[in-house]
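Colleague:
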């Protein structure tokens, strides 16, 4: 899992800063991505930027990118599912007899 810092893109539409629709800046380990939309399904918190003026949204998860819609999907890390053969379990033996509990004397 990675930690992501997300900011509004105040320079959108400028050269090299995406179109006017690229409103989100997503930072992962120093690398910046520009997106038109976000889909975040993990807890988020806010923090002040290192400059002390701007704010970030911060979350931890796994980033999946939909390039067709320019959407960042940040979700919990996926668990690995194993395809195991079905197990056969014998049901416990059933008895109609009641057993007397032994109590310490």
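Numbering (this note's numbering), first residue to last: 1425 to 1529.
Note that CB positions come from ideal geometry on N, CA and C, so glycine has one too.
It should be emphasised that the depicted structure is a prediction, and the values quoted were computed from it without experimental measurement.
Near residue 1431, which residues of its chain fall below 7 angstroms by C-beta distance, leaving aside the five closest residues on each side in sequence?
Modeller: Closer than 7 angstroms at Cβ, skipping near neighbours: 1449, 1478 and 1480.
Colleague: Quick check: the Cα distance between residue 1463 and residue 1496, rounded to an integer number of angstroms?
Modeller: Near 6 angstroms, if we compare the C-alpha coordinates of residue 1496 and residue 1463.
Colleague: Where does residue 1485 fall in DSSP's three states?
Modeller: Note: residue 1485 maps to strand in three-state DSSP.
Colleague: Please classify residue 1453 as buried or exposed, where buried requires at least 16 neighbouring CB atoms within 10 angstroms.
Modeller: By the 10 Å Cβ count, residue 1453 comes out exposed.
Colleague: Please return the same chain residues whose Cβ sits closer than 8 angstroms to the Cβ of residue 1456, not counting the five positions on each side in sequence.
Modeller: Within the same chain, residue 1456 has close Cβ partners 1449 and 1450.
Colleague: Are the CB atoms of residue 1469 and residue 1482 within a distance shorter than 8 angstroms?
Modeller: In contact: residue 1482 and residue 1469 (Cβ atoms closer than 8 angstroms).
Colleague: So residue 1449 is in the beta strand (DSSP E); what residue range does that whole segment cover?
Modeller: 1448 to 1452 is the span of the beta strand (DSSP E), which, as asked, contains residue 1449.
Colleague: Roughly how many whole angstroms lie between the Cα atoms of residue 1438 and residue 1458?
Modeller: Answer to the nearest angstrom: the Cα atoms are 13 angstroms apart.
Colleague: Expressed to the nearest angstrom, what Euclidean distance is found between the alpha-carbon atoms of residue 1500 and residue 1494?
Modeller: Answer to the nearest angstrom: the Cα atoms are 20 angstroms apart.
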